[in-house]
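Report on the structure given below.
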Amino acid sequence: MDLGYRCLTGISGLDTLLNGGIPRGNSVLVSGSCGTGKTTISLEFLIRGAEKNERGLYVSATEISTNVMKNMVPFGFFKQEYFDNNMIEVIDIPNIYNELGFERMEFESEDIERIVNFIGDKIEKDKIQRLVVDSLTSICYRLRTEEKIRDFILKLEKKVNENKTTAILVSELLPSAKGYSQYGVEEAVADGIILLGNLKRRGDLLRTLQIIKMRGTSHSRAEYVMDITTIGILISPLLKGGTVNNQ
Ligand SMILES: Nc1ncnc2c1ncn2[C@@H]1O[C@H](COP(=O)(O)OP(=O)(O)O)[C@@H](O)[C@H]1O
Ligand SMILES: [Mg+2]
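Here you go:
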């Protein structure tokens with residue numbers, strides 16, 4: 037099956053900003069602080085894929101996946117059947133660690149190889165076209181050094197790219213963060229970065245989305261408003277003027 041060069045995210049407005057979607061095989065950081073919509077956009081990406089018969093894998097590393105799913109139920113696009121019939125597979129990272137017999141808090145190089153192979157084997161065996169790791173930051177926490185983080189991400193990206201799978205790697209930021217990732221390494225090796233944020237305007241707190249980089253395509257670099265609605269994420273232009281505090 038030839039899926040074409042680009043992966044249409046299916047998120048309303050985003051594919052236009054990307055001139056037709058994410059180039060397949062890219063690993064894209066979705067970065068933002070708590071509550072900016074990283075998990076919601078990631079799950080909508082998987083569900084929109086399932087609607088087009090693209091198989092998804094959600095690796096849950098910060099929260100137990102049953103809790104994550106519970107929060108998705110109110111959304112109109114959420115369909116339990118995709119999870120029941122394994123169109124979208126869900127794995128909790130502690131289960132991967134258990135299965136691999138990991139006990140130590142800090143991972144060594146051979147552990148990195150084994151985690152990547154575990155995810156990679158699943159991608160190959162089940163023909164996964166869309167992968168979400170939520171979050172990459174929490175896995176990096178157990179890698180500790182920049183060298184090991186770089187090694188892990190590069191190995192994961194290689195697997196993803198070889199299979200033409202499109203990956204969203206969630207990057208958790210502190211509200212005061214200056215860059216796009218906790219350790220700095222993640223943003224340097226990612227193929228793309230989508231930054232989610234908050235913007236105070238006339239007493240409202242708006243959600244924003246901005247594509248910082250995306251290998252293999254031209255794209256808008258402007259900041260947009262991102263609304264989380266019951267029918268899904270909606271992206272609209274950020275009208276200039278009227279901002280408070282010169283934001
Ligand atoms: N059904 C819904 N309708 C509109 N907004 C929602 C809905 N469910 C959650 N949200 C909003 O999404 C936010 C959580 O987004 P989430 O994707 O979990 O963020 P992150 O993963 O970046 O921490 C909540 O704080 C809430 O404002
Ligand atoms: Mg989240």
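Going letter by letter, the sequence shown gives residues 37 to 283 in the numbering used here.
Just so it is clear, CB atoms sit at the ideal spot from N, CA and C, and this is done for glycine as well.
Model, not experiment: these values are computed from the prediction.
- The Cβ atoms of L245 and S63 lie no closer than 8 Å to each other.
- A straight-line Cα-Cα distance of about 12 Å links G57 and I247.
- Short note on P110: C-beta closer than 7 Å to some heavy atom of ligand 1.
- The DSSP-derived three-state label of L54 is coil.
- A direct Cα-to-Cα measurement between T72 and N103 gives close to 18 Å.
- Assigned with DSSP and collapsed to three states, C70 falls in coil, not helix or strand.
- Ranked by Cα distance from G112, the first of T76, I230 and V225 is T76.
- Relative to the Cα of D147, the nearest Cα in the group I185, N107, S207 and Q218 belongs to I185.
- Distance from the C-beta of N234 to the nearest heavy atom of ligand 1 is not below 7 Å.
- From the listed residues N122, F154, E144 and I124, the smallest Cα separation to N131 is found for F154.
- With a cutoff of 7 Å, D128 does not count as near ligand 2, since its C-beta is closer than that to no heavy atom of the ligand.
- Looking at the DSSP output, I247 shares a beta bridge with I230.
- Taking each of L79, A226, K249 and R257 in turn and checking the Cα distance to Q116, the smallest one comes out for L79.
- Annotation note: the region 125-212 contains the following uninterrupted alpha helix (DSSP H) runs of length 4 or greater, listed N- to C-terminal: 129-135, 145-161, 172-176 and 182-198.
- With respect to I83, F114 sits close: the two C-beta atoms are nearer than 8 Å.
- It is roughly 7 Å from the alpha-carbon of T173 to the alpha-carbon of Q218.
- If you compare the alpha carbons of E183, K214 and R257 with that of I230, the shortest gap goes to R257.
- In the three-state DSSP reduction, M262 falls in the strand class (E or B).
- The closest heavy atom of ligand 2 lies 7 Å or more from the beta carbon of K106.
- Taking all protein chains shown into account, C70 has fewer than 16 neighbouring C-beta atoms within 10 Å of its C-beta and is therefore exposed.
- Note that the C-beta distance between V95 and D170 is below 8 Å.
- Taking the Cβ of T75 as the reference point, at least one heavy atom of ligand 2 falls within a distance shorter than 7 Å.
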